[in-house]
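> Sharing a structure, written as C-alpha cells. Questions coming.
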Amino acid sequence: MSHQPFEDLLFSDEALNQRQADALHEHLQSCDSCYQLSLAWSETESQLQAAPVVAPRTGFVARWNARLELDQKRRQGRQNLVMLVSTWGSAAVLLVGLVYLAWPLIQSPKIVILTYLYQLIGLLSLANFVQGLLSAMTQGFSGGLQYLWLVLVAGTITLMGVLWVVSIRYLTNPRRVTL
Amino acid sequence: MQDDEARWLAQAQKGDPQAFSLIVEQYQRPVYNLCYRMLGNAQDAEDAAQETFLRVYKAMNRYDTKRSFSSWLLSIAAHFCIDQIRKRRFKIVSVEDLPVPDLPDVSPGLETKLKDKEERLRIRALLDVLDPTDRAAVVLYYWYDYSYKEISHTLSLSGSAVKSRLHRARRAMAGQWIDGKPQTLNAERILA
C-alpha cells in the first residue's frame with residue numbers, strides 16, 4: 503500500500519474535505535507508521551506554535567552602534583590605505599617614466615647644459631631687443647606726444663586691471679538667477 | 031508608528047545613523063529571533079543579527095520603498111543565515127554537545143528554567159534536521175505567520191517550491207520527533 507497520498511493529506515495545511523478526512527482516518531486506523539507520524543506531527547506542530555519569539559540581550563542597539571562605528575573606522579582606514587598606495591604608485595610610475603625619458607640626457611650632461619645655455623642666451627637677446635625697441639619709441643616722441651604716450655600706457659594698464667577685477671568677481675560670485 | 035517608520039526610513043536612506051538606530055530598536059527582536067531559530071545559538075544569532083543590520087544600513091539606498099521593509103530586512107537576514115549554515119555544513123556536531131544559550135530569562139523557578147531549556151533543545155533538534163532554506167521557510171511560516179506568497183518573495187522561491195519545501199520539512203520534523211521520543215508515542219498509542 504502506498505502511504506504517499508495519506509502523508510500528503512497529513513502534512514497539508516489546507517482544510518480536508520469530508521471524503522479526504524474519512525480516508526485518512528480509516529488509513530490511520532490500519533497503518534501503524536502513518537499513525538505514529540500523525541501523532542508526531544501533531545506534537546511537533548504544537549511545539550512550533552508554542553515556541554516564543556526570542557529577544558536579544560539588553561543593549562543590542564548600543565552594541566550595533568559600536569559595531570557601525572568600528573566598521574566605518576575600518577572602511578576609512580582602508581580608503582586611506584588605498585589612497586596612499588595609489589598616490590605613491592602613481593608617483594613611482596611617473597618617476598620611472600621621467601627617468602626613462604631623461605636617461606639619454608643624464609648619460610651626456612654636457613649636451614643638456616649647452617642646450618639650456620643656448621636657450622638662456624636666446625632669452626637675453628630677446629629682452630635686449632624689446633628694451634631697444636621701447637627706448638627708440640619713447641625717444642622718437644617729442645614733448646606733448648611723449649606725455650600722451652605715458653597717459654595711454656597708464657590708461658591701458660588701469661583698464662586691464664579693472665577688467666581683471668570684474669572678471670574675478672563674476673567668476674567667484676554665485677549667479678542670482680538659477681536656470 | 032507607520033508614519034514614524036516611514037520618516038525613519040526616509041532619513042536613514044539619506045544616511046542618518048540615528049534614524050537607522052531607531053529602526054534597529056524597532057526590528058531587533060524579529061531579526062534576532064529569525065537568526066536564533068536559523069543558527070540555533072545566541073552568540074551566532076547576535077553576530078548574524080548585527081551583520082544583517084550592517085548590510086541593510088549599507089544597502090539602504092537600494093531599498094525600494096514600495097516593498098515592505100520588514101520583508102526586505104528578514105529576507106537579508108534569512109539569506110545571510112542560510113549562507114552561514116552552508117559554510118559550517120561540514121562541521122558535524124551533535125546537538126547534545128552544543129551549548130544551550132542563556133537567553134533572557136523571565137522565569138524565576140529552576141523547574142521552569144529546565145523546561146525552557148528542554149523545549150529550546152527540542153525545537154533546535156527539530157530545525158537542525160532541515161535544509162537551510164527549508165528551515166527559513168518553516169521559521170517564517172510558524173513564527174512570523176507569513177503566507178506562501180510572502181515566503182516566496184522573502185526567500186526568492188516560487189509558490190510551489192515553498193509548498194513542497196514546507197511539506198518536506200514537516201515530514202522530516204515529524205520523523206525527527208519519532209526518533210527523539212519513541213516511548214512517549216508508543217504510550218500514547220496504547221492509551222488511544
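Read top to bottom, the protein sequences are chains A and B.
Per the numbering used here, residue 503 is the first one in the first sequence, and the count goes up by one each step.
Per the numbering used here, residue 31 is the first one in the second sequence, and the count goes up by one each step.
Where is the CB? At the ideal position from N, CA and C, for every residue including glycine.
#1: So, using beta-carbon positions, are Asp164 of chain B and Arg119 of chain B closer together than 9 Å?
#2: Taking a contact to mean a Cβ-Cβ separation below 9 Å, would you say Leu160 of chain B touches Ala202 of chain B in this structure?
#3: So which of B:Asp209, B:Ile106, B:Leu156 and B:Arg116 has the shortest CA-CA distance to Ile181 of chain B?
#4: Reducing DSSP to helix, strand and coil, say where Arg116 of chain B ends up.
#5: How is Lys88 of chain B classed by DSSP in three states: helix, strand or coil?
#6: Taking only beta-carbon atoms, is Ala523 of chain A less than 9 Å away from chain B?
#7: Kindly indicate which residue of B:Gly70, B:Glu141 and B:Glu76 has the alpha-carbon position closest to the one of Tyr115 of chain B.
#8: In chain B, which residues lie with their C-beta within 7 Å of the C-beta of Trp543 of chain A?
#9: So what's Ile220 of chain B in DSSP terms, helix, strand or just coil?
#10: Taking a contact to mean a Cβ-Cβ separation below 9 Å, would you say Asp157 of chain B touches Arg67 of chain B in this structure?
#11: Looking at the structure shown, is Tyr66 of chain B part of a helix, part of a strand, or coil, going by DSSP?
#12: Measuring CB to CB, does Ala553 of chain A end up less than 9 Å from Trp173 of chain B?
#13: Determine the chain A residues that contact His236 of chain B at a beta-carbon separation under 7 Å, and present them in chain order.
#14: Pull out every residue of the region 561-579 of chain A whose Cβ sits closer than 8 Å to any Cβ of chain B, in chain order.
#15: Please classify Gly540 of chain A as buried or exposed, where buried requires at least 16 neighbouring CB atoms within 10 angstroms.
#16: Considering only the beta carbon of each residue, do Arg569 of chain A and Gln80 of chain B sit closer than 9 Å?
#17: What's the call for Arg92 of chain B, buried or exposed, on a 16-neighbour Cβ count within 10 Å?
#18: Give the secondary structure of His527 of chain A by DSSP, where H, G and I count as helix, E and B as strand, and everything else as coil.
#19: Against chain B, does Pro606 of chain A count as a neighbour if the rule is that its beta carbon must be under 9 Å from one of theirs?
#20: Helix, strand or coil: how does DSSP classify Leu215 of chain B here?
#21: If you draw a straight line from the alpha carbon of Ser100 of chain B to that of Gln32 of chain B, how long is it in whole angstroms?
#22: In three-state terms, what does DSSP make of Gly591 of chain A?
#23: Could you check if Ala108 of chain B is buried or exposed, using at least 16 other CB atoms within 10 Å of its CB as the buried criterion?
#24: For Ile608 of chain A versus Val601 of chain A, is the C-beta distance shorter than 9 Å?
#25: Less than 9 Å between CB atoms is the rule here; does Ala517 of chain A satisfy it with respect to chain B?
#26: Who are the neighbours of Asn91 of chain B on chain A, taking C-beta pairs under 8 Å?
#27: What does Phe83 of chain B touch in chain A if you count any residue whose Cβ is under 7 Å from its own?
#28: From Leu625 of chain A to Leu616 of chain A, what does the alpha carbon distance come to, in whole angstroms?
#29: Would Gln581 of chain A pass as an interface residue toward chain B - the criterion being a Cβ-Cβ separation below 9 Å?
#30: Taking Cβ-Cβ distances shorter than 8 Å, what residues in chain A pair up with Ser51 of chain B?
#31: Under the three-state reduction of DSSP, which class applies to Lys44 of chain B: helix, strand or coil?
#32: Give every residue of the same chain whose Cβ lies closer than 8 Å to the Cβ of Ala35 of chain B, excluding the five residues on either side of it in the sequence, and list them in chain order.
#33: Which of helix, strand or coil does DSSP assign to Asp515 of chain A?
#34: Among residues of its own chain, excluding the 5 on either side of Gln633 of chain A, which ones have a beta-carbon nearer than 7 Å to its beta-carbon?
Taking the structure as given:
#1: With contacts defined as CB atoms closer than 9 Å, Asp164 of chain B and Arg119 of chain B fail to qualify as a contacting pair.
#2: Against a cut-off of 9 Å, the Cβ pair of Ala202 of chain B and Leu160 of chain B comes out as a contact.
#3: For Ile181 of chain B, the closest C-alpha among the options B:Asp209, B:Ile106, B:Leu156 and B:Arg116 is that of B:Ile106.
#4: The answer is helix: DSSP assigns Arg116 of chain B an H, G or I state.
#5: Of the three classes helix, strand and coil, the one that applies to Lys88 of chain B here is helix, per DSSP.
#6: By this cut-off, Ala523 of chain A is not an interface position.
#7: Going by the sequence as given, residue 115 of chain B is Ile instead of Tyr. Selected option, being the one with the closest Cα: B:Gly70.
#8: In chain order, Arg200 and Ala204 make up the part of chain B whose C-beta sits under 7 Å from the C-beta of Trp543 of chain A.
#9: Reliability fails at Ile220 of chain B, whose pLDDT of 40 lies under 50, so the model's placement of it is uncertain and the value that follows must be treated cautiously. In the structure shown, Ile220 of chain B sits in a helix (DSSP, three-state: H, G or I).
#10: The sequence shown places Leu at residue 157 of chain B, not Asp. In this structure, the beta-carbon distance from Leu157 of chain B to Arg67 of chain B falls below 9 Å.
#11: Reduced to three states, the DSSP call for Tyr66 of chain B is helix.
#12: Yes, Cβ-Cβ distance for Ala553 of chain A and Trp173 of chain B is below 9 Å.
#13: This structure cannot settle anything about residue 236 of chain B, because the visible part of chain B is limited to 31 through 222.
#14: Closer than 8 Å at the C-beta level to chain B, one finds these residues of the region 561-579 of chain A: Phe562, Val563, Arg565, Trp566, Asn567, Arg569, Leu570 and Asp573.
#15: Correcting the residue type first, residue 540 of chain A is Ser in the shown sequence and not Gly. The residue is buried, with at least 16 neighbouring Cβ atoms inside 10 Å.
#16: For Arg569 of chain A and Gln80 of chain B, yes; Cβs fall inside 9 Å.
#17: With fewer than 16 Cβ atoms within 10 Å of its Cβ, Arg92 of chain B is classed as exposed.
#18: Three-state DSSP puts His527 of chain A in a helix.
#19: For Pro606 of chain A, not one C-beta of chain B is nearer than 9 Å to its own C-beta.
#20: Any reading at Leu215 of chain B must be qualified, since the residue scores a pLDDT of 42, below 50, and its modelled position is unreliable; the value itself is stated next. Helix at Leu215 of chain B.
#21: Whole-angstrom Cα-Cα distance: 12 Å.
#22: Shown here, Gly591 of chain A sits in a helix according to DSSP, grouped into three states.
#23: Flag for Ala108 of chain B reads buried.
#24: Yes, the pair counts as a contact, with Cβ atoms nearer than the cut-off.
#25: With its beta carbon at least 9 Å from every one in chain B, Ala517 of chain A lies outside the interface.
#26: The premise fails here: Asn91 of chain B is roughly 16 Å from chain A at the closest Cβ pair, so nothing lies under 8 Å.
#27: Per Cβ cutoff of 7 Å: Trp566.
#28: About 14 Å.
#29: Output row for Gln581 of chain A: interface = no.
#30: By Cβ distance, chain A contributes Val563, Trp566 and Asn567.
#31: Lys44 of chain B sits in coil when the DSSP states are folded into three classes, being neither helix nor strand.
#32: First, the residue type needs correcting, since residue 35 of chain B is Glu and not Ala in the sequence shown. Counting only Cβ-Cβ distances below 8 Å, and skipping sequence neighbours, we find Ile53, Gln56 and Phe99.
#33: Here Asp515 of chain A sits in coil by DSSP.
#34: Taken in chain order, the list of residues that qualify is empty.
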